[in-house]
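Peer 1:
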Amino acid sequence: MTALRKMLLPLLAACALLLTSCSASIKDYAQAQPALDIFTYFAGDTVAYGMVQDYSHKQTRRFTAKIQGDVVADTLTLHEDFVYDDGEKQTRVWHIRKLADGRYTGTAGDIIGTATGQSAGNAFNWKYVMDVKSGGSTYRLTFDDWIYQQDEQHLFNVTSLRKFGVEVARVTLFFEKK
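As C-alpha cells, this is what we get:
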C-alpha cells in the first residue's frame, strides 16, 4: 500500500496543479460591467442566501446571512450573522482594507492569517484559509471566492473549498442589497 501511495501522491499533486492553472484570472473581467466596488456595495444592510455542496455537488446545507457593513477611510467592516437550516448560528466580523490597484487584504477572528483579494470590472476574487468543522472533525481549507455583480442590488458568489488543491466542497451565495 505504501508504494501505491508514493505513486498516487505525485499524480494527484500534478492533477491539482493542472486544474488550478486553468482557472480564471481577475483580469478576464476588467471590462465587465457594472463595475463592482465592494465598499460601496456592502456599506449598509445586505442579506445573503446560500448553500453548501459536497465534492459530489450534493447540497448538504442551506443558510441565510444578515450583513451590516461600515466604511471608515480605507477599511470596510462587515458584521455577518449566519443561520443554517439545522439551526446553527455563526458570526464573523471582517476588517477589509483597500490597497492600491484594486487589491484588498482582510482579517476575521476565524480566518487563518490574512485574506487577499483583487477586483476588476464586475468581479472580486477573495482568497483565505479557515478551519472548518464537519462531522466531529476540523479541516483546514483554502477558500477561493469569486463574487460577480449582476446589478446595483445583486451579487452572485461561488466559493471553491480546497484541501491539498482538490475541491472538497462548494458554496454558492446570492446577495441582495437592502
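Under mature numbering (1 follows the signal peptide of the UniProt record, and there is no 0), the letters of the sequence shown match residues -26 to -1, 1 to 152, in that order. Glycine included, each C-beta is placed from N, C-alpha and C at the ideal position. Just so you know, these numbers come straight off a predicted model, no measurement behind them.
Using the Cα positions of Phe148 and Phe138, report the straight-line distance between them to the nearest angstrom.
Peer 2: Near 27 Å, if we compare the C-alpha coordinates of Phe138 and Phe148.
Peer 1: Is the beta carbon of Phe130 within less than 6 Å of some heavy atom of the ligand MN?
Peer 2: Looking at this structure, you won't find the ligand MN or any other ligand, since it has none at all.
Peer 1: I want to know whether the stretch 5 to 22 touches the stretch 93 to 104 - three or more CB-CB distances under 8 Å.
Peer 2: Flag = yes, the stretch 5 to 22 and the stretch 93 to 104 touch.
Peer 1: Looking at the secondary structure, which residues open and close the beta strand (DSSP E) in which Ile41 lies?
Peer 2: Start and end: 33 to 46.
Peer 1: Any idea if Ile12 is buried or exposed, counting beta-carbon neighbours within 10 angstroms, 16 or more meaning buried?
Peer 2: Label assigned to Ile12: buried.
Peer 1: Count the other C-beta atoms from every protein chain shown that fall within 10 angstroms of the C-beta of Ser(-6), then say buried if there are 16 or more, exposed otherwise.
Peer 2: Low confidence applies to Ser(-6): its pLDDT is 47, below 50, so where it sits in the model is not reliable enough to give any reading.
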